[in-house]
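If you're matching positions, the sequence shown starts at 1 in the working numbering and goes up one per residue. Report on the following structure.
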Amino acid sequence: MPKVVHTVAELHKILQPLWRKGEPVGFVPTMGALHAGHVSLMKLSRAGGNVLTVVSVFVNPLQFAPGEDYDEYPRDLGGDVKVARDAGVEVVFAPSVAEMYPRGFVTWTDQDKITEKLCGEHRPGHFRGVLTVVLKLLNIVRPNNAYFGQKDYQQSVVIQRMVTDLNLDMKVHVCPIIREADGLAMSSRNVYLGPKHRTEALVLHQALVRVHELATGGERSVKKLYGEVKRIIGQAKSAKIDYIAIVHPETLEDVNDVSGRTLIAVAVRFGKTRLIDNVLVE
Ligand code: PAF
1 MPKVVHTVAE LHKILQPLWR KGEPVGFVPT MGALHAGHVS LMKLSRAGGN
51 VLTVVSVFVN PLQFAPGEDY DEYPRDLGGD VKVARDAGVE VVFAPSVAEM
101 YPRGFVTWTD QDKITEKLCG EHRPGHFRGV LTVVLKLLNI VRPNNAYFGQ
151 KDYQQSVVIQ RMVTDLNLDM KVHVCPIIRE ADGLAMSSRN VYLGPKHRTE
201 ALVLHQALVR VHELATGGER SVKKLYGEVK RIIGQAKSAK IDYIAIVHPE
251 TLEDVNDVSG RTLIAVAVRF GKTRLIDNVL VE
């Protein structure tokens, strides 16, 4: 069983001997409701030369806007610990909100430009909350390697930018999207989907596979690729598109044509469930 700790002090007792000896620590930050996507990150950490892997489980209130799903977000620490155990993780860090944000907490981390696009445009304040908690977690765990999933593509870009801009001495690994057998990207929010929306949600992957095929086959027109994504997603009657983005993979700026590496990303609502997915055209 992994050691489950709830305070920074308990965690530091475990990590201090490793820091002293300079032994590499791997870190997988999560909000729990662990699934095969998280397991793939834990396994990459275990295989990546780290002597110990820490998984944090913390539903961060700062990254949810009022009216979003903070209260409903699935929480099952017992189940998460079993998943972490099966993945061979040594430590689960599950702090309380008061441990992370004690009375008097007023300091935030924020970023210009890239946080204002894509999800940032539709979830104001979201990345400010993500950056703040991730910087705190990185300061608490002081990992050598931190693992994030490509499914939250924009999150991985803003975190990499923060690590560079603030000279954090660690490596960020962005790891491949893990999908269900039918193509739906793994997400803790998939549990919200009823049977109808679960079936409809397959249009996301179908649209991305199709435009990836078109783009790698030579289609350069952003307008045509955008139109194709919209058409395929539109086949799902309940789909409400937040955005379809065809952008530069680092700056997230719109591209004029798909001639270099390009990110195609979507965010779509099925009823109350908002799903994101993406593909990189290399
Ligand atoms: O991707 C997530 O689960 C969260 O945004 C993260 C990185 C754990 C920060 O709360």
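Here a beta-carbon is modelled for each residue, glycine too, at the ideal position from N, C-alpha and C.
For residue i and residue j, which I take to be in contact (beta-carbon distance under 8 Å), what is that distance rounded to the nearest angstrom?
| i | j | result |
| --- | --- | --- |
| ALA236 | GLU200 | 4 Å |
| PHE270 | HIS212 | PHE270 to HIS212, Cβ: 22 Å. No contact. |
| MET170 | ALA207 | Not a contact, Cβ separation roughly 35 Å. |
| PRO24 | VAL51 | 6 Å |
| GLU68 | VAL8 | Between VAL8 and GLU68 the Cβ distance is about 27 Å, and since that is not below 8 Å, they are no contact. |
| ARG85 | PRO2 | 6 Å |
| VAL97 | PRO61 | 6 Å |
| MET31 | SER187 | With a Cβ gap of about 11 Å, MET31 and SER187 do not count as contacting. |
| TYR153 | ALA265 | 6 Å |
| ILE140 | VAL91 | Contact flag wrong, Cβ pair sits at about 12 Å. |
Classify residue i as helix, strand or coil using the three-state DSSP reduction.
| i | result |
| --- | --- |
| LYS117 | coil |
| THR251 | coil |
| ARG231 | helix |
| GLU245 | In the sequence under discussion, the amino acid at residue 245 is Ala, which differs from the Glu named in the question. Three-state DSSP puts ALA245 in a strand. |
| ASP257 | strand |
| LEU77 | helix |
| ASP277 | strand |
| VAL51 | coil |
| LEU41 | helix |
| VAL4 | strand |
| LEU34 | coil |
| THR216 | helix |
| VAL106 | coil |
| LEU283 | Since the first residue shown for the chain is 1 and the last is 282, residue 283 is missing from the structure and cannot be characterised. |
| VAL83 | helix |
| ARG20 | helix |
| ALA65 | coil |
| ARG46 | helix |
Leaving out five residues before and five after residue i in sequence, what residues of the same chain have Cβ atoms less than 8 Å from its Cβ?
| i | result |
| --- | --- |
| ARG46 | GLY26, THR53, ALA87, GLY88 and VAL89 |
| PHE148 | PRO29, LEU41, GLN155, SER156, ILE159, VAL172, HIS173, VAL174 and CYS175 |
| VAL222 | ILE246, ASP254, VAL255, ASN256, ASP257 and VAL258 |
| LYS267 | Looking at the sequence itself, residue 267 is Ala, so the reference to Lys does not match. So the list reads LEU118, CYS119, HIS122, ILE241, ASP242, TYR243, ARG274, LEU275 and ILE276, once near-sequence residues are dropped. |
| ARG161 | GLN111 and ILE114 |
| ILE177 | GLY37, GLY149, GLN150, LYS151, ALA185, MET186, ASP277 and ASN278 |
| THR95 | Note that residue 95 corresponds to Pro in the displayed sequence, not to Thr. Hits under 8 Å: HIS6, THR7, VAL8, SER56 and PHE58. |
| VAL293 | The question about residue 293 has no answer here: the residues shown for the chain are numbered 1 through 282. |
Leaving out five residues on either side along the sequence, give the residues of the same chain with a beta carbon under 6 Å from the beta carbon of residue i.
| i | result |
| --- | --- |
| SER56 | PRO29, PHE93 and LEU137 |
| TYR73 | VAL59 |
| HIS122 | ASP242 |
| TYR101 | none |
| HIS126 | GLN63 |
| HIS248 | VAL255 |
| VAL83 | LEU34 |
| VAL39 | ALA87 |
So what does residue i bridge to, in DSSP terms?
| i | result |
| --- | --- |
| ARG128 | According to DSSP, which records beta bridges pairwise, ARG128 is partnered with nothing at all. |
| SER96 | Beta-bridge pairing links SER96 to no other residue. |
| PRO29 | SER56 |
| LYS240 | ARG269 |
| ILE14 | Answer is none; ILE14 lacks a bridge partner. |
| LEU168 | Looking at the DSSP assignment, LEU168 forms no beta bridge with any residue, so it has no partner. |
| LEU263 | VAL247 and LEU280 |
| VAL91 | LYS3 and VAL54 |
With a cut-off of 7 Å, does the C-beta of residue i fall near any C-beta of chain D?
| i | result |
| --- | --- |
| ASN167 | Considering every chain present, this structure includes no chain D. It has just one protein chain. |
Skipping 5 residues on each side, what residues in its chain have a beta carbon closer than 7 Å to that of residue i?
| i | result |
| --- | --- |
| LEU202 | ASP182, GLY183 and LEU184 |
| ARG210 | GLU228 and ILE232 |
| GLY48 | GLY26 and ASN145 |
| ASN108 | For the record, residue 108 in the displayed sequence is Trp; it is not Asn. Cβ neighbours of TRP108 beyond the five flanking positions: ARG128 and THR132. |
| LEU168 | LEU138 |
| GLU282 | ARG261 |
| LEU252 | ILE114, LYS117, LEU118, GLN154 and VAL157 |
| TYR226 | ILE244 and ILE246 |
| LEU193 | ALA201, PHE270 and THR273 |
| ALA239 | GLU200, VAL203, ILE233, VAL268 and PHE270 |
| ARG19 | With the sequence shown as reference, residue 19 is identified as Trp, and Arg is not the correct amino acid for it. Only ARG142 meet the Cβ criterion. |
Tell me the start and end of each unbroken beta strand (DSSP E) in the stretch 132-166 that is at least 3 residues and wholly inside, in chain order.
145-149
Along the chain, which unbroken stretches of the beta strand (DSSP E) at least 3 residues long are found entirely within the stretch 170-214?
171-175
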